[in-house]
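Comments concern the structure below.
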Amino acid sequence: MDSAAPAQPPRLLSPTYAATTVGMFALCAFVAFEATAVTTVMPTVADRLDGVGLYALSFAAPLASGVVGMVVAGGWSDKRGPAGPLGAAMLLFSLGLLVCGTAPSMEVLVAGRVLQGLGGGALTVCLYVLVGLVFPPVLQPAVFASFAAAWVLPSLFGPALAATVADRIGWRWVFLGVVVLVVLAGGLVAPALRRVVRAPRADTRFPTTRLLWALAAATAVLTFELLGSRRDSLLALAVLAFVVVVVSLRRLLPAGALVAAPGLPAVVGTRGMLSAAFFCAEAYIVFVLQERWGQTPTRAGVALMIVGVVWAGASQLQSRLGQRVSDRGAMCWGTGLVLIGTVALALVVATDLHPALAVASYVLAGAGMGFGYPRTGVATLAASTDADRGFNSSALSIADSLGGAFALAASGIVYATAERAGADPFLPVFVLAAALAVLGVLTAARTRPPG
């Protein structure tokens, strides 16, 4: 009689994975904290450094440089594994924090933000690659759910903590205080990195051409953002920038991603459309609550807190459901909820209903992000091999970053155009978000692998 006990299913916090899980979660959380904390303190920073004119660029710079970091990290990971690029990513991110925290001028601070973006973008790709190498497929949905929580939870506590730090000991420590924490988190991940070190692959070349296209795309997005709302001759440069972005994306994403070809290309496209639709709406939800319904900044900010909790909860739900809901099913449900939420938000704004309904609509869209967003990572890893895991992970992050960035730039143009025409500037922004969500639903429907 066989008395052997049945094998226990693996757990994220079992001795085998606990340190790696905590370290990766922490690294994600610190990058996310910086994104939310900087939003809180940047008005003070710009005032103290006499750099209000560079305020917008301080946000756009890391978003653009992050795309370059993603491409470098993806190619480097495919060639030599994730250990080297992850170490470099943490170094660049920490160096950027140090530059920002000691910046004597706004120009130097923007340079530090560029370094932060390079490190943050590369770090995200390296963590995705590490998930595929370290964790078994059964745990990967839970890992990506933890990443989602790591990005969402700082939105609950980051602004208040950053404001307290800036008020008590100075805004510079919002940057400097994170450096030591990044080093500690890296120490937790280091043992897992040593286990996945491998010899360089002779059949894999570094993607120099893709790097050049990433530089072109980053520059073009910044140009589009800075010039798109102009009415003079510089508007032609914004149109040219749009063309450059589209051409660059054809080189940076899997073939067919821009037309939602079935399988992996549609998965990458779904990630981009989710980010585009949701973050287009997010950028204006607090704004419209204050301007349209007279809500205080504190009360309007409650919407961000609620959606953070709901996003994290929906991420945990899809993780617990596991393969009872397929990756395609989760992405379809997620994009569908984002569509319903953004359409409802547009209708509430158009008919001037109660602001609580606007918040509820936005929260529904957040639930869709929590349910569908993590499965884009799972589906990408499932379609990847050792030879292209880095490329595919970087493509997913590039679609995420550029999708959100380009939608935000377009929303700014739409808002400015409507305002100049004397129309309600908020409604066309939310209509744009809903239109992007429609594209997301159509793209998610094509994520089933061909054959």
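Residue numbers for the sequence shown follow the numbering used here, beginning at 11 and rising by one. Backbone N, C-alpha and C define an ideal beta-carbon position, used for all residues, glycine too.
Residue state for residue 263 is assigned as coil, using DSSP reduced to three classes. Within its own chain, the residues whose Cβ lies closer than 6 Å to the Cβ of residue 185, once the five positions on either side in sequence are excluded, are 107, 110, 111, listed in chain order. As the crow flies, the alpha-carbon of residue 103 is around 10 Å from that of residue 72.
Taking a C-beta distance under 7 Å as the contact criterion, residue 92 and residue 136 qualify as a contact pair. In this structure, 352 is the residue among 352, 409, 455 with its C-alpha nearest to the C-alpha of residue 440. Closest in C-alpha terms to residue 224, from the list 416, 75, 56, comes 75. The Cβ-Cβ distance between residue 344 and residue 378 falls below 7 Å. Per the C-alpha coordinates, the member of 34, 51, 128 positioned closest to residue 171 is 51. Taken atom to atom, the span from the alpha-carbon of residue 55 to that of residue 181 is near 7 Å.
For residue 177, the three-state secondary structure derived from DSSP is helix.
Restricting attention to 366, 331, 450, 317, the CA atom closest to the CA of residue 166 is found in 317. Sequence-distant partners of residue 326 (beyond 5 residues in either direction) whose C-beta falls short of 7 Å from its own C-beta, in its chain, are 155. Our two residues, residue 36 and residue 192, have alpha carbons roughly 8 Å apart in a direct line. The shortest C-alpha to C-alpha distance from residue 374 to any of 292, 298, 408 is the one to 292. In this structure, the alpha-carbon of residue 270 lies about 6 Å from that of residue 279. Take the alpha-carbon of residue 134 and the one of residue 298: they are about 31 Å apart. The Cβ-Cβ distance between residue 313 and residue 437 does not fall below 7 Å.
Between the segment 393-402 and the segment 329-337 there are fewer than three inter-stretch CB-CB distances shorter than 8 Å, so the stretches are not counted as touching.
Separation of residue 264 and residue 58 (C-alpha to C-alpha, rounded to the nearest whole angstrom) is 44 Å. Out of 348, 294, 381, 304, the CA that lies nearest to the CA of residue 328 is found in 381. In terms of Cβ geometry, residue 160 and residue 39 form a close pair [threshold 7 Å]. Check the Cα spacing between residue 249 and each of 419, 391, 146, 176: the tightest is with 419.
Straight-line spacing of the CA atoms in residue 125 and residue 363 works out to 44 Å. Going by beta carbons, residue 401 and residue 84 fall inside the 7 Å limit. The criterion of a C-beta distance shorter than 7 Å is not satisfied by residue 272 and residue 147. DSSP places residue 368 in the helix class (H, G or I) of the three-state scheme.
Counting along the chain, residue 134 sits inside the alpha helix (DSSP H) bounded by residues 116-144. Here the C-alpha atom of residue 367 lies approximately 26 Å from the C-alpha atom of residue 452.
With a beta-carbon spacing of about 5 Å, residue 407 and residue 80 fall inside the 8 Å limit used to define contacts. Judged by their CB atoms, residue 162 and residue 287 are not nearer to each other than the 7 Å cut-off. Around the C-beta of residue 150, 16 or more other C-beta atoms lie within 10 Å, and the residue is accordingly described as buried. Here residue 196 has 100 as same chain residues with Cβ atoms under 6 Å from its own Cβ, once five neighbours each way along the sequence are excluded.
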